[in-house]
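K.L.:
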Amino acid sequence: MTTAQTAPCAISPRDKQAQAKRVGDDLIQHHGKRKFYSVDQVRAANQRCDIPMDVACWSHALFNTHYDFDRIHQAAGEACDYLAMKREMLESLSLGSPGSWFDFDLSWLEFPDIDWSIFDFFD
């Protein structure tokens, strides 16, 4: 009998929100407010925030460009879906219901209906 299993990198919406906050705060603290960060910057923030390697790709989906995300996953031989993962990360931060009307290739700072109060850097 085959049992359905979640992907090894699957995390709850609450954990996605916590990861976005921790890594986002770290990136702002170390590099200032930017639309996107480099792969190395996100990788270092994940390490400083003790984000486990198996879920670090969620940070890359939120804070890297689509091109950078695809490039690092192709190099690793992984087939992660940038748009789906970014959408899930943003939905975990969203105040309202998710919408399919906006462009998920936008920077994490350009999305509407996000509860920015969870980020310390806006205090």
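Per numbering that gives the first Met the number 0, the sequence shown runs over residues 0 to 122. Heads up, the beta-carbon is just placed ideally off N, CA and C, and yes, glycines get one too.
(1) Mind checking which residues open and close the alpha helix (DSSP H) that includes A78?
(2) Could you name each continuous alpha helix (DSSP H) segment of 4 residues or more that falls completely within the region 9–45, going from the start of the chain to the end?
(3) Whose C-alpha, out of Y81, S58, E87 and K34, is nearest the C-alpha of R21?
(4) Near D67, which residues of its chain fall below 8 Å by C-beta distance, leaving aside the five closest residues on each side in sequence?
(5) When burial is assigned at 16 or more other CB atoms within 10 Å of the CB, is L92 buried or exposed?
(6) Quick one, which of T64, K85 and Q18 has its alpha-carbon nearest R47's?
(7) Mark A44 as exposed unless 16 or more other C-beta atoms lie within 10 angstroms of its C-beta, in which case mark it buried.
(8) Tell me which residues share the same chain as C8 and place their Cβ nearer than 8 Å to its Cβ, disregarding the 5 neighbours each side in the sequence.
(9) Output the distance between the C-alpha atoms of A83 and I71, rounded to the nearest integer angstrom.
(10) Could you spell out the range, first to last residue, of the alpha helix (DSSP H) harbouring I71?
(11) Can you say whether K85 is buried or exposed, counting buried as having 16 or more other CB atoms within 10 angstroms of its CB?
P.N.:
Judging by the given coordinates:
(1) Where A78 is concerned, there is no enclosing alpha helix (DSSP H), given that its DSSP letter is neither H nor E.
(2) 12–30
(3) For the options Y81, S58, E87 and K34, the alpha carbon positioned closest to that of R21 is the one of S58.
(4) F35, S37, V38 and H59
(5) buried
(6) Q18
(7) buried
(8) Apart from sequence neighbours up to five positions away, the residues of its chain that approach C8 with a beta-carbon distance below 8 Å are D53, V54, C56, W57 and C79, ordered along the chain.
(9) Distance from the CA of A83 to the CA of I71, rounded to the nearest whole angstrom, comes to 16 Å.
(10) H65 to A74
(11) buried
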